[in-house]
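Quick note: to get the working numbering, add 2 to the position in the sequence shown (first position is 1).
A virtual CB, placed ideally from N, CA and C, is assigned to each residue, including glycine.
What follows is a single structure, written as structure tokens, with notes after it.
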Amino acid sequence: MKPPAAAKITYRWRDPIADEEMCDLVLSHGGSPSPGWWPRISRHSLGWVGARDTHRLLVGFVNVAWDGGDHAFLIDTKTRGDHQHSGIGRELVHRAAAAAADAGCEWLHVDFTPDLAPFYFDACGFRSTEAGLIHLRTDPRYSGSDGS
Ligand SMILES: CC(C)(COP(=O)(O)OP(=O)(O)OC[C@H]1O[C@@H](n2cnc3c(N)ncnc32)[C@H](O)[C@@H]1OP(=O)(O)O)[C@@H](O)C(=O)NCCC(=O)NCCS
């Protein structure tokens, strides 16, 4: 169900977000919250965008990780379940990209499952690129490795 079109949403870079709010947001879109995740992760973030409705309810979030230089990484985009498809995700990503540019980053990376291509390519303006991934926890070359 779409929220009322007139619902006013406020977006804020580095919006203070409590762990309980993050867990509630994750639950709302059908995810599995992990208490303590956000306080642990946020320390390593360039910044993040929080979206709130007029009652200050957290309705959207995206995090920006970075390498300390030119590369920023968009991760964990989320919109509250009953607020999806009202443009919040696109606006979150746009604001995160603008903040990364303001911080001096040159590139914004993202990866995602194929079903989300319409969101990231068409709605948010990313272009396709070659990328690679190793799942370190299950790759026998690295899982249980002593680093040698
Ligand atoms: C992906 C997600 C953040 C999109 O948020 P949103 O606020 O609904 O996005 P928007 O309203 O800005 O969508 C703009 C357009 O992107 C596309 N889009 C949005 N969500 C999509 C989805 N889940 N799959 C495919 N395309 C999608 C649609 O074309 C949409 O336009 P429409 O509403 O007219 O159909 C939201 O679906 C979500 O929280 N999903 C669960 C968590 C998740 O999977 N996050 C992605 C991690 S990589």
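First through last residue of the beta strand (DSSP E) which encompasses residue 28:
First-last for residue 28: 21–30, but that is the alpha helix (DSSP H), not the beta strand (DSSP E).
I need the straight-line Cα distance from residue 88 to residue 62, nearest angstrom please.
11 angstroms
Just checking my contact of residue 76 with residue 111 at CB under 8 angstroms: how many whole Å lie between their CB atoms?
7 angstroms
Between which residues of its own chain and residue 21 is the CB-CB distance below 8 angstroms, once the five residues before and five after are set aside?
37, 38, 39, 40, 41
Whether residue 53 touches residue 19 by CB criterion (7 angstroms)
no
Cβ of residue 90 within 6 angstroms of any heavy atom in ligand 1?
yes
Residues that residue 50 bridges to, as DSSP identifies them
65
Just verifying my parser: in three-state terms, what is the DSSP assignment at residue 14?
strand
Between which two residues does the beta strand (DSSP E) holding residue 96 run?
Per DSSP, residue 96 belongs to no beta strand (DSSP E); it is in the alpha helix (DSSP H), 90–104.
Are residue 15 and residue 51 closer than 7 angstroms when you measure CB to CB?
yes
For residue 95, which residues in the same chain have their Cβ closer than 7 angstroms to its Cβ, ignoring the five residues on either side in sequence?
64, 76, 79, 126
Does residue 114 come out as helix, strand or coil in the three-state DSSP assignment?
coil
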